[in-house]
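If you read the protein sequences in the order shown, they are chains R and Z. For the first sequence, counting from 1, position 77 maps to 107 in this note's numbering; every step adds exactly one. For the second sequence, counting from 1, position 173 maps to 506 in this note's numbering; every step adds exactly one. A virtual CB, placed ideally from N, CA and C, is assigned to each residue, including glycine. Here the structure is a predicted model, which means the values were calculated and not measured. Worksheet: one structure, shown below.
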Amino acid sequence: MVDKAILYDATRCTACRGCQAACKQWNENDEYIPLPSDKIGVQAKNWGSYENPPDLSPQTWLKMKFTEVEANGKVRWLFTRQACMHCTDAGCVKVCPNGSLYHHTLGFVAYNKDTCTGCGYCIDACPFHVPRSTRNIFTGIAKMDKCTFCTTQGLDRVAEGWEPACVKTCPPKALKYGDRDKLVAEGKKRVQELQAKGWTNANLYGENELKGLHVMYVLDDNPEAYKLPADPQVSPATIAWKDVIQPVGWAVGGLTLIGLGMNYLVARANAKKEEK
Amino acid sequence: MTHHEVEKYRKAIRVLHWIHSGAFVLLFLTGLVLFIPALGFLAEDSWTRLIHRIGAAIFVIAPIIYIILDPKAVGRGLKQAFTWGSEDLGWLLAAPRYYFLGDEKSMPPQGAMNTGQKMWWFMVLVFGIIFVLTGAIMWFAKEAAPSAVLQWMVFIHDVSFIVSGAMFFLHIYLAVFHPLINEAWGAMTGGKISVDYAKAHHGKWYEEITKSKEEKA
């Protein structure tokens, strides 16, 4: 099937945060701002930015990130969408022990919360630091949550042929949903327009990063200016754990059992010979 | 027959052994479900993590209680793990012929622990500490520690799991299934082994305990 994607145009975004609210409303993540005492929220207080809440949480899958950049004596206010980037080469899918995180047939990273074990491996494997988890420090009972591209069971917009809730609500059409290759072409065209207007650093983020993100950004400056990793990678520890240690573990375990079985057969035969 | 038996393991050490190995089995199985993707469904909703943590608490607390109750015995035990001599090399060279072919001619007489048992005891100490340290970071610093640190903790924890797990199979095999080692199970359950077995498998140790008895008498 043709991969679907979201294209976010930072130069059209007004940071109204309608997407944040729509995300919470559609996915039934309480619209009130969770407090730290709720175990799922973060402290909401004035910390010098309109950014609110200050961080993602198990109940906040999408939030607008505000960055102030000073250049040539002018302050620029940059807006970025902060949520799952739906990588093709997804560290979280790689480390998930039981396939709770998996690639949807349309390419993005879907999630089955019911089967999540709460191990938290995805939290540390994500190059964008997106997954968030509830976690009882004492018992270890935990559940991860993140953007599901509006494919949560029972709340699946994509299966209905609808765009994700954040896209649906976006007033300036900074968010678009569609076939990934068409959005890549559209993003590139927009970048050219921006460069023609003098935004020489304009770029399309996510076309090739991690073999292609399913959330791509049109930026008028370097990714670093937007606090995005310039070259996101699946971490060496993820690869070492999944592609080296797991097969080695199988081999060591298997060979040990085979070796012991062989020893048993040889030793028993010799012991019987001795008796005779 | 009782007068032909000698005590191999005191009651306290046997109780510690079974509590600690019980915790290890619990930890091994609940860890296995996250390591093998096909078993991952068993870990749904974190219940195996809760069991893993109960196991971990026992794994840590049991030896600590033992250390408090009998620090001298712990000292003697630690000394054994770190005392190595030329007969250990001899044992290693002769062991394959013994364990496969039953040829004990070239096996040097062994102390209370033979070289293989010392190696296992040494591994229990080293991997036990690695497990506890890496596990404690995953348990208590999941929010605080950097992602890369946590990922490498999982990596080290799992390397220890593979090595000590394989050695754990070997330990069970030798103690329970190997045709020539027929009294190890009894030693760790009832505490006693026959004099014949003691002479054959722990000659040096048997000499020591009989000598000290004679001295007392």
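I need the straight-line Cα distance from residue i to residue j, nearest angstrom please.
i         : j         : result
Leu213(R) : Met500(Z) : 54 Å
Ala215(R) : Arg42(R)  : 17 Å
Trp551(Z) : Trp538(Z) : This structure leaves residue 551(Z) out entirely; chain Z is present only between 334 and 550.
Leu224(R) : Lys124(R) : 36 Å
Val393(Z) : Ile171(R) : 21 Å
Ile505(Z) : Trp518(Z) : 9 Å
Gly284(R) : Val274(R) : 16 Å
Val482(Z) : Val339(Z) : 50 Å
Ala477(Z) : Met471(Z) : 10 Å
Val32(R)  : Lys219(R) : 21 Å
Leu360(Z) : Ile384(Z) : 8 Å
Ile369(Z) : Ala406(Z) : 39 Å
Val197(R) : Pro396(Z) : 58 Å
Ile167(R) : Ala469(Z) : 11 Å
Gly177(R) : Lys257(R) : Before going further, note that residue 177(R) is Cys rather than Gly in the sequence given. Near 20 Å, if we compare the C-alpha coordinates of Lys257(R) and Cys177(R).
Ile526(Z) : Arg343(Z) : 12 Å
Is it buried or exposed, residue i, if we count other Cβ atoms within 10 angstroms and call 16 or more buried?
i         : result
Asn231(R) : exposed
Pro191(R) : Note on residue identity: the sequence assigns Gly, not Pro, to residue 191(R). Per the 10 Å Cβ criterion, exposed.
Ile495(Z) : buried
Gln55(R)  : exposed
Pro479(Z) : exposed
Pro201(R) : exposed
Val139(R) : buried
Gly388(Z) : buried
Gln222(R) : exposed
Phe473(Z) : exposed
Gln484(Z) : buried
Ile462(Z) : exposed
Arg162(R) : buried
Using three-state DSSP, classify residue i as helix, strand or coil.
i         : result
Glu437(Z) : coil
Thr97(R)  : strand
Asp312(R) : Nothing about residue 312(R) can be reported from this structure: the residues present for chain R run from 31 to 306 only.
Leu213(R) : helix
Asn233(R) : strand
Ser480(Z) : helix
Ile384(Z) : helix
Val245(R) : strand
Thr416(Z) : coil
Lys303(R) : helix
Asn187(R) : The sequence shown places Arg at residue 187(R), not Asn. DSSP places Arg187(R) in coil when its eight states are reduced to three.
Val339(Z) : strand
Cys49(R)  : helix
Thr448(Z) : helix
Ser163(R) : strand
Lys206(R) : strand
Check for me: the alpha helix (DSSP H) holding residue i runs from which residue to which?
i         : result
Phe138(R) : Per DSSP, Phe138(R) belongs to no alpha helix (DSSP H) and is neither H nor E.
Phe368(Z) : Lys344 to Phe368
Ile153(R) : Tyr151 to Ala155
Lys525(Z) : Element bounds for Lys525(Z): not the alpha helix (DSSP H) but the beta strand (DSSP E), Lys525 to Ser527.
Note the first and the last residue of the continuous beta strand (DSSP E) segment covering residue i.
i         : result
Lys124(R) : First-last for Lys124(R): Gly121 to Val125, but that is the alpha helix (DSSP H), not the beta strand (DSSP E).
Leu375(Z) : Element bounds for Leu375(Z): n/a, residue is neither H nor E.
Thr110(R) : Lys104 to Gln112
Leu258(R) : Run containing Leu258(R): none; DSSP gives neither H nor E here.
Met174(R) : Ala172 to Asp175
Lys34(R)  : Lys34 to Asp39
With a threshold of 8 Å between beta carbons, is residue i in contact with chain B?
i         : result
Val160(R) : The structure shown has no chain B; the protein chains it does contain are R and Z.
Quiz item: Taking Cβ-Cβ distances below 7 Å as the criterion, which residues of the stretch 351-369 of chain Z are in contact with chain R?
Solution: From the stretch 351-369 of chain Z, only Leu367 and Phe368 have a Cβ closer than 7 Å to chain R.
Quiz item: Going along the stretch 244-275 of chain R in order, which residues come within less than 8 Å of chain Z, judged by CB to CB distance?
Solution: Listed by position, the residues of the stretch 244-275 of chain R near chain Z (Cβ gap below 8 Å) are Ser265, Ala267, Thr268, Ala270, Trp271 and Ile275.
Quiz item: Quick one, which residues of the stretch 132-157 of chain R are near chain Z if we go by CB-CB under 9 Å, in chain order?
Solution: Hits within the stretch, in order: Asp144, Thr145, Cys146, Thr147, Gly148, Cys149, Gly150, Tyr151, Ile153, Asp154, Ala155 and Cys156.
Quiz prompt | Interfacial residues, the stretch 440-466 of chain Z to chain R, with Cβ spacing under 9 Å | solution = Contact annotation: in the stretch 440-466 of chain Z, no residue has its CB less than 9 Å from a CB in chain R.
Quiz item: What residues from the stretch 117-131 of chain R come within 9 Å of chain Z, judged by C-beta to C-beta, listed N to C?
Solution: Within the stretch 117-131 of chain R, the residues whose Cβ lies closer than 9 Å to some Cβ of chain Z are Val125, Cys126, Pro127, Asn128, Gly129 and Ser130, listed in chain order.
Self-check item: Contact residues within the stretch 496-520 of chain Z, judged by C-beta distance below 8 Å to chain R
Solution: Answer in chain order: Val496, Gly498, Ala499, Phe502, Leu503, Tyr506, Phe510, His511, Pro512 and Leu513.
Quiz item: Mind listing which residues of the stretch 376-400 of chain Z have their C-beta closer than 7 Å to chain R's C-betas, in chain order?
Solution: The stretch 376-400 of chain Z vs chain R, Cβ under 7 Å: Ala376, Glu377, Ser379, Arg382, Leu383 and Arg386.
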